[in-house]
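Novice:
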Amino acid sequence: MIENRPFLAFLTHLVLIIGVVIVVFPVYLAFVASTHGSGDFMRGLVPLLPGPHLVENYSFMLNEGISTAGAPPLSIMLLNSLVMAISIAVGKIAISILSAYAIVFFKFPFRLLAFWIIFITLMLPVEVRIIPTFKVVADLGMLNSYPGLIIPLIASATATFLFRQFFLTVPDELMEAARVDGAGPMKFFRDILLPLSRTNIAALFVILFIYGWVQYLWPLLVTTDSRYYTVVMGIKRLAATADSEPQWNFVMAAVILAMLPPVLVVILMQRLFVKGLVETEK
Amino acid sequence: MASIDISGVKKVYGGAVTAIHSLDLAIPDGELVVLVGPSGCGKSTLLRMIAGLEAITEGTISIDGTVVNTKEPAERDIAMVFQNYALYPHMTVRGNLEYGLKNRGTPRDEIDRRVTEAARILEIEPFLDRRPRQLSGGQRQRVAMGRAIVRQPKAFLFDEPLSNLDAKLRGQMRIEIKRLQRNLATTSVYVTHDQLEAMTLADRLVVMNGGRIEQVGAPLALYERPETLFVAGFIGSPPMNLIDIDDLRDKGALALPDGSDLVGIRPDTIQLSPPEGQHLVLEATVELYEPIGGESHLHMRLDGSGQLIVAAVPARTAVTEGSRATLYVSMTDLHPFNKETGQRTD
Amino acid sequence: MASIDISGVKKVYGGAVTAIHSLDLAIPDGELVVLVGPSGCGKSTLLRMIAGLEAITEGTISIDGTVVNTKEPAERDIAMVFQNYALYPHMTVRGNLEYGLKNRGTPRDEIDRRVTEAARILEIEPFLDRRPRQLSGGQRQRVAMGRAIVRQPKAFLFDEPLSNLDAKLRGQMRIEIKRLQRNLATTSVYVTHDQLEAMTLADRLVVMNGGRIEQVGAPLALYERPETLFVAGFIGSPPMNLIDIDDLRDKGALALPDGSDLVGIRPDTIQLSPPEGQHLVLEATVELYEPIGGESHLHMRLDGSGQLIVAAVPARTAVTEGSRATLYVSMTDLHPFNKETGQRTD
Amino acid sequence: PNVAAQTEIAWWHAMDAELGKKLEEIANGFNESQSEFKIVPSYKGTYPETLTAAIAAFRANEQPAIVQVFEVGTGTMMAAKGAVYPVYQLMEDNGEPWDPSGFLAPVVGYYSDTDGNILSMPFNSSTPIMYYNKDVFEKAGLDRETPPKTWAELEAMSRQIMESGAAPCGFTSGWITWVQTENLSAIHDQPYGTLENGFGGLGTEFTFNGPVQVKHWDNLKKWADEGLFEYGGPVGGGDAPPKFYAQECAIYMNSSASRAGVINNSKEFEVGFAPLPYYDDVTTDPKNSIIGGATLWALNGKDPEVYKGVAQFFTYLSQPEVQASWHQFTGYLPITNAAYELGQEQNYYADNPGSDIAIKQITRGTPTANSKGVRFGNLTQARTVVDEEFEAMLAGTKTAQEALDAAVERGNQILRDFEAANQ
Amino acid sequence: MQAKRTIFPNKILPYMLLVPQLAVTLIFFIWPALQALKSSFEREDPFGFRTTFVWFENYRRLFIDPNYVGSLSKTAVFAFSVTVLSMSLALILAVAVNRVLRTNRLYTTLLVWPYAVAPVVVGILWWFMFNPTIGIAPYLLRAAGIDWNHRIDGTDAMILVIIAASWKQISYNFLFFVAGLQSVPQSLIEAAAIDGAGPFKRFWTIVFPLLSPTTFFLLIVNMNYAMFDTFGLIDATTQGGPAQATNILVYKVYTDGFIGLNIGSSSAQSVVLMIIVIALTAIQFRYVERRVQY
Ligand SMILES: Nc1ncnc2c1ncn2[C@@H]1O[C@H](COP(=O)(O)OP(=O)(O)OP(=O)(O)O)[C@@H](O)[C@H]1O
Ligand SMILES: Nc1ncnc2c1ncn2[C@@H]1O[C@H](COP(=O)(O)OP(=O)(O)OP(=O)(O)O)[C@@H](O)[C@H]1O
Ligand SMILES: O=P(O)(O)OC[C@H](O)CO
Ligand SMILES: [Mg+2]
Ligand SMILES: [Mg+2]
């Protein structure tokens, strides 16, 4: 469209640049802090330019950690986070795609009831029912274990809805063609539906990976054994002690390490990420 | 190859909507039957009942003499071509063609033979390794056809297979389908709501309306002698003009059969100079002159009733908009109907 | 009301795709010009440059004598009807009609007067308080028209305004648009790729191809005397048969102008019995007989070259598929062309 | 030794930084001294966090064998009869030596139940003291060896420090509850609650809204507004130590156990140690300060084998060498008389001036009912209320009197809840 | 509810397919929710030795407790501010990005990643910036003559958590607004331009009203986010203080339950929260059902 308004173009970029600065600055500061020595935080203001201790701080946190701040070596916690995030993503996808398939492609008594039971999980975020959920997990002997970290979080109405939504857009004719071509339900699921859902699955995986990675309260509750700590929860305790003991360099190194994997996923898989996000929330 | 017998078939959806009212139709082996009718008249429903995709509420459908009412689609040995083609988007063209054969456990070399053959016939060899989305609309249509013919089924069922193509391509594919069906001589049921397609493809044309059959017959027979008002209005383009007998000046002289109260006049039978033999005379004012190349359409308003009628006249006919015209129609070109019953009266 | 002058206009998208190659076209005040051409030939691009929605790469466009190249759409005082209507979904019909007037600060009573008037003309008074989604396709189309006419702009621009309607409605609206434009006498540019629409609506028809104008003229003139091979093939349905002169038996006797190497024959000028005067004779085998009601199409294969040609013959012509036919074409019905240049040679 | 046969004993604690390192050293010491048991210490956050984590874990049957509970949790733990394995019984059952009289008097006094039994193993007892920055004092023109004795002196010195520009702030403090309220009450012989500050049973009520406490809070508010005092945050007051380390505040009041951190983080200036100040217009004879820090509780529900290890570990902990080294490194009190004596023999107190301030302060004079300590059920929660009310006062939404009245009222509600749940 | 036109006739298979999800849902969602309901009528000692049925005592106490009522209003203020702040900033950025064609991808990439940062980490980042001793924010504020003390001043603390929570949520809102803007048909904007509307007028009269489905959706989602997903953020910054000034409902459930060990009250709060969530979800669901946009 023909538009003769140069000022507007300038304003647009200005707004965007300010936006980017606001978004990036806190992390820049964290990064800077993570490259200094501990003593640098005892002299008033935080440093604004990177210091020389980057490698030292990060390798210290990765390999040794600070046991007296509740932080075992970060490499262990990162690994736990990875296990947790991946398992949650895979688990959620697996159980939701099956249930969405049942709900969309079959008619059976209690179909509506099943739908509502699943829908209810949308309404009950773990934060509002922590104590009884914790108790159930404890009674099942799942504290301090990967299953305890993972299974209670894999029921997902969102993913079920996404798949349901997607399945509804799969043309009826495709299933009819497959039936005429002699395929039964599981064959149709495997040969046609699953391959068609590939990009949805990938997009969902990205989103759910992030969901799993950023979990805080749940790992905080169900792990008392440092072998199962995840990085996001571990970091909090580190930060709490940094109040009285200024080792912000270590805390911020941990912060950067805890942020890096999911942020990289977002940046590298931007297309899938956006698709996953926008679609799961619809 | 097989005959299809539909007898007393009825379809009620969800206990409420009756889509098909007790319908009978026998399709002999090798015939291509076209179902036409307005949207919602039950064409697809009927086809889908034949395919086994929809349960039959009442009556029976037999293929090749066997009642198939409770058989799964896979067991009926029919092939179907869908409006949106329903190609498996994640499989190559070859994969699409093979899928049905593989599911039936056809031996590998037989599969290859048939796929090669079908690809040759349909000229889709160059695309065998492409995915459907890499094909144009016409090419996809061919693949859909290919998927049906590799199966060598007892019957082909087509549900508006050409309606997603543009006019030009539709014309071409129509001719190809016709040829193919002639060569394979497979019993076929073809659903469309495109008149031209219906007229040109059908061995026999079935005009449906509101879940019932209005008329069955050869295409030209239906055009020339529509048995009901519905068929008269539905077939032909521009549509037949329908004029109330009371609006005709010389209705006395017409000598139409008893019970006639409407006459139908096809636009191309309206003449501007008096023909030989007995004929009808109408007076009208020309409202719009539309040249469309080989012929022109005259949109006119009849004196008296003020009804709009259309005549198709040769291209360079000398008429100006706003002028008055006298129109002539041979008595033999009149189609008399009874409004009430909707039936032809002669 | 105003004339539109397009001179030397060129459009290059993103420095790479040349959508329009230096194009000239003068549209006098009050004329309805139709742009037709195959998909991607630049019709919309040209229209959008006139509207100010697309920057002009080279050349000038003037409206009413003023060069508008750098003016914003709002300053050009034109109205546009979009293919998808582009009605504001959150406003009522009335709101849609008023929006353009309000933006221009038209006084309240003048707005009311004009909206009432437009609603009356277009018969949309009953829907004035509905939202667009509560209207049928045809009604929406009317509102879109209404939004254009209330503005009383210098020119109307239409980009395939009817292509979202079904065939029947399209026919009706076409006639209405024609009437309306005649009454308002507003300069109009109308883009379509529907031949019938183009033929019937245009005062002047502009056939475009690959970003260039192929031919400009009255619709029938183009049909009867296409100046280029492209126009010959594009206008007319079924399309003109194009036959290599070398494939004609008696080419010597033809006495075609120098440089002719192709002749075009319209399907409806092929006759089955010899006409008076000089004529061409062709021998062919009938492959397919397509009855389409008032006439029938014969698909035939020419002897020798084996080329497929189509003839439009009266409905009940007695031919059987597979039989041989002798075809006659009057010398006056031949359209000679040069393959190389694509130009008509007589 | 067969490593696989080692019995692991989980020990949850709240010792971070230097203290945590030393604690791990002790655990290691024990682990190396024998091969049958392995103590596995794990840091669980602050004292309140550790306590609540342990209770939650107990409910989930995932409790550790040993948990470190600060003095404030004592009331709660003592009431939880089914959950704890009293230490005297544990030692007896496992045939380990147990002699309560070897502990320092304030320790015995605080941790004995109504029957005179000690239920948990004393480990790290402390009392708050005052740290000051000698360099800043000098810069401000004060005598670097003369810390303030009374609050009036402290106020004056702080003002001089600020006005001279030697530091932007006079003083800060950890634990507003423990240092500025509970200890303040004890030192000035003011009651904190009825029934001997809660020692006497469940029916107790808070009374810390007396004139002395009100006056002190009033002052803190006034000084905060003036900038003489900077608030270090709720609970332990995490913001306070950096203010002192960064030489922002010249004076810092906190647990004697902050000593290790202070020494480690004050490389750029010299630190002095002193008793807490008092109001000389209220008393000329300041009483002893009260005990803080924590004891180790054995929790029920483990194998007898585990308790055997726990008992052995407790014996190990009581050894004068272990105790003395812990005490000397951290600043915690020497828990046993033997450890104190050992320090004296080693000349430790003479070599490290100020290192015996805490023990002298906690043992000065004769303890009264008001300076014996405070021991209430749910005191953790009540302390949260005190912190909140203190913050409300600092924010100016309440006066000191209103804040303390509200704290008492809300605190009493918590006491009633505890009473109801434990009857 | 929608399903396919034709369906598979199998009887048992659908149940088998549903078992995993239903099992997880029933065990970890429905059952605990019922437990919460049950214990909201009980009083229990911290160690779980004694439980007494107390009828509505926990609820009664809740609603006469000024702290709880305060927490309700704090939550409302917090959720409302986070929603408004992050949505308006995001909208401005989205409109700007939508205007630049070429650099669009770059800006988007630079703006979206905070989505992947855990709320608790966001909290730490901002807590660090606002650290009273070394933080850059108090330093700048002091330089600007603003007396900032989020350790004492409840309003300052609230502002801090609002800023931090909004910061994280901008990227999310931004993406949805961009998607929303892209789904506004270009032809409508062109029609408005031809109808004589300038860029700002076009935005307010055409684009913004057409974004309303996105805006409404984001309103609900942001409320949800602010009310529940900010748990970690609060925990890493103010921990509800000073003097409960930032103690939002979800944090209070946790502190009263896990820290305060008052299971009964915490459960009653859970139940209240569940009712709020259910109401929010119901609104959202109704809206999803009617999503036919104009
Ligand atoms: N699954 C269904 N449930 C209820 N009614 C249905 C269903 N499918 C079709 N109908 C109804 O049955 C009638 C016939 O539908 P059908 O699809 O057979 O029409 P059609 O002739 O194929 O129309 P079209 O030309 O539009 O495809 C219609 O009234 C339709 O609304
Ligand atoms: N924004 C654009 N960027 C690059 N190329 C474009 C753009 N818009 C159009 N084109 C190209 O310019 C040429 C003309 O496009 P235009 O839309 O004018 O065709 P059209 O004649 O309107 O076709 P249709 O009948 O399909 O609407 C096409 O080749 C098209 O691909
Ligand atoms: O810091 P500590 O270990 O001396 O303990 C402090 C007090 O116990 C707080 O109640
Ligand atoms: Mg149909
Ligand atoms: Mg176009």
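Chains as they are written, first to last, in this note's numbering: chain F, 325 to 606; chain B, 623 to 968; chain A, 623 to 968; chain Z, 61 to 483; chain X, 14 to 307. All C-beta atoms, glycine included, are put in the ideal place defined by N, C-alpha and C. This one's a predicted model, so the numbers in the text were calculated from it and none came from an experiment.
#1: Could you give the distance in angstroms between the alpha-carbon of residue 671(A) and the alpha-carbon of residue 899(B)?
#2: If you drop the 5 nearest sequence neighbours on each side, which residues of the same chain put their C-beta closer than 7 angstroms to that of residue 926(B)?
#3: Please give me, in chain order, every unbroken run of the beta strand (DSSP E) with length at least 3 that falls completely inside the region 17 to 97 of chain X.
#4: Would you mind sorting residue 938(A) into buried or exposed? The rule is 16 or more other CB atoms within 10 Å of its CB.
#5: Starting from the beta carbon of residue 432(F), find every residue of chain X whose beta carbon is closer than 8 angstroms, and list them in chain order.
#6: In the DSSP assignment, the beta strand (DSSP E) including residue 909(A) goes from what residue to what residue?
#7: Report the CB separation of residue 187(Z) from residue 323(Z) in whole angstroms; it is logged as a contact under 8 angstroms.
#8: Please classify residue 499(F): is it buried, with 16 or more other beta-carbons within 10 angstroms of its beta-carbon, or exposed?
#9: At what residues does the beta strand (DSSP E) containing residue 630(A) begin and finish?
#10: Spatial neighbours of residue 98(X) within its chain, please: CB distance less than 7 angstroms, with the 5 preceding and 5 following residues excluded, ordered by chain position.
#11: Hey, how far is the Cα of residue 84(Z) from the Cα of residue 458(Z)?
#12: Using a Cβ-Cβ distance under 7 angstroms, would residue 550(F) count as near chain Z?
#13: Shorter than 7 angstroms from the beta carbon of residue 675(A) to some beta carbon of chain F?
#14: Please report the straight-line C-alpha distance between residue 73(Z) and residue 167(X), rounded to a whole angstrom.
#15: Can you give me the C-alpha to C-alpha distance between residue 592(F) and residue 765(B), rounded to a whole angstrom?
#16: Could you check whether the Cβ of residue 9(X) sits closer than 7 angstroms to any Cβ belonging to chain A?
#17: Any heavy atom of ligand 1 closer than 6 angstroms to the CB of residue 665(B)?
#18: Name the DSSP beta bridge partners of residue 865(B), please?
#19: Does residue 498(F) get closer than 7 angstroms to chain B when you measure Cβ to Cβ?
#20: Give, in chain order, every residue of the region 464 to 489 of chain F whose Cβ lies closer than 9 angstroms to some Cβ of chain E.
#21: At a cut-off of 6 angstroms, would you count residue 132(Z) as near ligand 3, judging by its Cβ distance to the nearest heavy atom?
#22: For a test of your reading of the model: does the CB of residue 635(B) fall under 6 angstroms from any non-hydrogen atom of ligand 1? Yes or no.
#23: Roughly how many whole angstroms lie between the Cα atoms of residue 698(A) and residue 799(A)?
#24: At a cut-off of 6 angstroms, would you count residue 681(B) as near ligand 2, judging by its Cβ distance to the nearest heavy atom?
#25: Any contact of the region 626 to 644 of chain B with the region 783 to 792 of chain B, i.e. 3+ C-beta pairs under 8 angstroms?
#26: Mark residue 965(A) as exposed unless 16 or more other C-beta atoms lie within 10 angstroms of its C-beta, in which case mark it buried.
#27: Measuring only from the beta carbon, is residue 317(Z) closer than 6 angstroms to any heavy atom that is part of ligand 3?
#28: Where does residue 638(B) fall in DSSP's three states?
#29: Do we get a CB-CB distance below 7 angstroms when we pair residue 462(F) with the residues of chain Z?
#30: Excluding the five sequence neighbours on either side, which residues of its own chain have a C-beta within less than 8 angstroms of the C-beta of residue 126(X), listed in chain order?
#31: Mapping DSSP to helix, strand and coil, what is residue 537(F)?
#32: With a threshold of 7 angstroms between beta-carbons, can residue 65(Z) be considered close to chain X, or not?
#33: Does the region 135 to 148 of chain X touch the region 227 to 238 of chain X, meaning 3 or more C-beta pairs lie closer than 8 angstroms?
Specialist: Reading from the atomic positions:
#1: 59 angstroms
#2: 869
#3: 55 to 57, 64 to 66
#4: exposed
#5: 24, 27, 28
#6: 901 to 913
#7: Not confirmed; about 18 angstroms, so no contact.
#8: buried
#9: 626 to 635
#10: 175, 179
#11: 44 angstroms
#12: yes
#13: yes
#14: 32 angstroms
#15: 37 angstroms
#16: What the structure shows of chain X is the stretch from 14 to 307, and residue 9(X) is not part of that stretch, so it cannot be assessed.
#17: yes
#18: 885(B)
#19: yes
#20: The question asks about chain E, but that chain is absent: this structure's protein chains are F, B, A, Z and X.
#21: yes
#22: yes
#23: 23 angstroms
#24: no
#25: no
#26: exposed
#27: yes
#28: coil
#29: yes
#30: 184
#31: helix
#32: no
#33: no
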